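Colleague: So that we are looking at the same thing, I have put the structure below in structure tokens.
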Amino acid sequence: MSPEEKALLLKTAELVKENNSLLRKMRRGARFRAVLHALYWVVIIGLSFGAYYFLEPYIAQVEKIYSGIRGDIDNVRGTADTIGDFGKLLQ
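When you line the sequence shown up against my numbering, it's residues 4 to 94, in that order.
Rendered as structure tokens:
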């Protein structure tokens with residue numbers, strides 16, 4: 004092997020080592036980003052469930068009030084229909 008070939012081979016080996024080091028760093032960074040991305044979504048979903056758990060009594064109370072109002076409106080409509088029918092009887 005000539006000295007030029009040997010120098011070229013050593014330079015190639017050095018570049019391969021440097022390339023391998025850079026690729027390992029890139030792979031490590033990609034794994035780290037994937038873990039952080041998964042953790043990000045776990046936190047988002049967890050906070051959503053936590054917020055629902057915290058707000059659920061208030062939501063149930065609003066639903067109960069809405070149901071009561073709806074029932075009252077139905078009663079008023081029924082009474083109005085009854086009064087209308089009673090008015091026809093008086094004529």
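Glycine is no exception: its CB is placed at the ideal position from the N, C-alpha and C atoms.
All values reported here derive from a predicted model rather than from experimental measurement.
1) Whole angstroms are fine: how far does the CA of A33 sit from the CA of S5?
2) Can you look up S5 in the DSSP assignment and give me helix, strand or coil?
3) For Q64, which residues of its own chain have a beta-carbon under 7 Å away from its beta-carbon, when the five flanking residues on both sides are left out?
Modeller: For this structure:
1) 42 Å
2) coil
3) none
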